[in-house]
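Numbering (our numbering), first residue to last: 22 to 556.
Glycine residues also receive a C-beta, built at the ideal position from the N, C-alpha and C atoms.
Heads up: the structure comes next, in structure tokens.
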């Protein structure tokens, strides 16, 4: 009961002044939304936790207190209605001791507070007195007048002269003893300047000042201050400044706190695989409770996009179902309330097997053309990229060009003028690569065979096959369509054989001076040259 009042400063409050001896009715409305259909009300006085009625059952024996409960039907439209219960507490012959804060409750929830201030007209309490007082000149005399009331009456003396009133004001000094009290738990902090509570964060300050009404009349004002250092959340509540058991003023202290994350152990980098589900939980607290949501950064310059999440009062769980590569990125959990806003960043790394693709699967070239084959690879993590070649669909016959031939990034000492082909890799962004296979002069034997761009990471393999198709010159097409008779020329053939034999001997002699790698390149170039002679 007290916790509800402490935490919710929006509870409706009504201040009522009533004279002693009068009759008062205080009432509140209960409906299905406030009492969850239970319809069991309760009347309670907070200061002394005195319960008067539960529903219509009497708890307090004082017959001056009565209960009244009546229901009415509220029509929303022709088909929808709900019941309202008017729950009234009636107090006959009000006493001064009936003052306090009355709480109308249902289901342990405060519906409305009534702060009842009992007032009483002044009355004299000096019963034995004489209206005629005699003394001698030069003597001192004191006349005591004592009165009470609520609030305390202001007393002064007047003297009548010549049958008409003449106010002769005399300054009256009164002693007021203040008290600071928190209503929710009846915690008393100070009585006058005497400490009651041991918490040293609470301090008292009392100073007086003289207020002049006119040149002859004045009264003293006491400023009675409660000071709280290093405010805690538990300090919230209703603080009552009282004097002589009378509430002077109420202060409803609502403590607010900027949001803070309570998930201390967390990883800023989260890895998952494509096709899986992932949940990221962000938990924060504050007062009032912060509003939490998720945002994803598109890039450094674009606005953020709000991402929906399942949430509880203090948590916001981001649920990503069947993630793909586009879920990769920076996510921010944002917690905000009226005091401030905080954020926490998480990086989601979605990993997947390589996806290899080429703009075209067929290239058309003439014999001897320079050829550039290109592939794009999307992969996370970084793949092992290779170019392979095979003359048929038999995978066992493929040749790994990446191992056998020059790669630009690994050997800068070779004579690049002699290379037949080379391979180049370029990383375009965190998850995309471009690879090129450069062929300086393509021979006929490589036409209609398969060049394979293959990428591998520990999630899988991706590859793209590219075919190079021979283009024919118009003159050669004409020559092939009308072939001339073949004439054997023994002299030419003999010369060719002699040239090949001599060339082979020269190659053998020169191979002793060449490295194995250059020797192999030289043989391959010679083979291409000889093949072109018979094209």
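* Asked: Which of helix, strand or coil does DSSP assign to residue 348?
  -> The DSSP-derived three-state label of residue 348 is helix.
* the stretch 279–288 touching the stretch 301–310, judged by at least three CB pairs closer than 8 angstroms -> yes
* Which term fits residue 40, buried or exposed, when burial requires 16 or more other beta carbons within 10 angstroms of its beta carbon? -> Around the beta carbon of residue 40, a 10 Å sphere encloses fewer than 16 other beta carbons of the protein chains shown; the residue is thus reported as exposed.
* Asked: Out of curiosity, what's the CA-to-CA distance linking residue 290 and residue 306?
  -> Looking at the two C-alpha atoms, the distance is approximately 23 angstroms.
* Unbroken beta strand (DSSP E) run spanning residue 76, endpoints -> No beta strand (DSSP E) contains residue 76, which DSSP labels as neither H nor E.
* Compare the C-alpha of residue 300 against each of 354, 248 and 265 and name the closest. => 354
* Asked: Counting along the chain, where does the beta strand (DSSP E) carrying residue 317 start and finish?
  -> 312–317
* Asked: Looking at C-alpha atoms only, which residue of 105, 113 and 323 is the closest neighbour of residue 96?
  -> 105
* Asked: Nearest-angstrom Cα distance between residue 376 and residue 322?
  -> 28 angstroms
* Does the beta-carbon of residue 401 have 16 or more other beta-carbons within 10 angstroms, so that it is buried, or is it exposed? -> buried
* Please say whether residue 61 and residue 76 have beta carbons closer to each other than 8 angstroms? => yes
* Taking the alpha-carbon positions, what's the residue 406 to residue 469 distance? -> 23 angstroms
* To do: Taking 8 angstroms as the cut-off, decide whether the C-beta atoms of residue 371 and residue 399 are in contact.
  => no
* Backbone secondary structure at residue 423 - three-state DSSP -> helix
* Asked: Anyone know if the C-beta pair for residue 67 and residue 118 falls short of 8 angstroms?
  -> no
* Taking C-beta to C-beta, are residue 453 and residue 397 nearer than 8 angstroms? -> Yes.
* Cβ-Cβ separation, residue 34 to residue 110 (assumed contact under 8 angstroms), whole Å -> With a Cβ gap of about 16 angstroms, residue 110 and residue 34 do not count as contacting.
* To do: Alpha carbon to alpha carbon, how far is residue 259 from residue 31? Give it in angstroms, no decimals.
  => 12 angstroms
* Cα-Cα separation, residue 200 to residue 210 -> 8 angstroms
* Exposed or buried, residue 337, counting other C-beta atoms within 10 Å across all chains shown (16 or more means buried)? -> buried
* Residue nearest to residue 386 in terms of C-alpha spacing, selected from 298, 319 and 467 -> 467
* Who are the near neighbours of residue 511 in its chain, counting only those whose CB is closer than 6 angstroms to its CB and skipping five residues on each side? -> Confidence in residue 511 is poor, its pLDDT being 42 and thus under 50, which makes the residue's placement too unreliable to answer from.
* Between 38, 207, 404 and 114, which lies nearest to residue 447 when the distance is taken from Cα to Cα? -> When each option's Cα is compared against that of residue 447, the closest is 404.
* **Buried or exposed (CB count within 10 angstroms, at least 16 for buried), residue 391** => exposed
* Asked: Going by the beta-carbon positions, is the gap between residue 131 and residue 45 smaller than 8 angstroms?
  -> No. Outside cutoff.
* Asked: Alpha carbon to alpha carbon, how far is residue 389 from residue 294?
  -> 45 angstroms
* CB contact flag (residue 257, residue 276, <8 angstroms) -> In this structure, residue 276 lies closer than 8 angstroms to residue 257 by Cβ.
* Helix, strand or coil: how does DSSP classify residue 449 here? -> coil
* To do: Grab the span of the beta strand (DSSP E) containing residue 382 for me, first residue to last.
  => Where residue 382 is concerned, there is no enclosing beta strand (DSSP E), given that its DSSP letter is neither H nor E.
* Among the residues of its own chain, which have a CB less than 6 angstroms from the CB of residue 14, if the five just before and after it don't count? -> Outside the displayed range of the chain (22 to 556) lies residue 14, so it cannot be described from this structure.
* To do: Tell me whether residue 332 sits in a helix, a strand or coil according to DSSP, three-state version.
  => strand
* Along the beta strand (DSSP E) that carries residue 101, what are the first and last residues, could you check? => Note, residue 101: premise wrong, no beta strand (DSSP E); not H, not E.
* Sequence-distant residues of the same chain with beta carbon closer than 6 angstroms to residue 585, five excluded per side -> Any answer about residue 585 is impossible in this case: the structure gives the chain only from 22 up to 556.
* **Three-way DSSP call (helix, strand, coil) for residue 31 in this model** => coil
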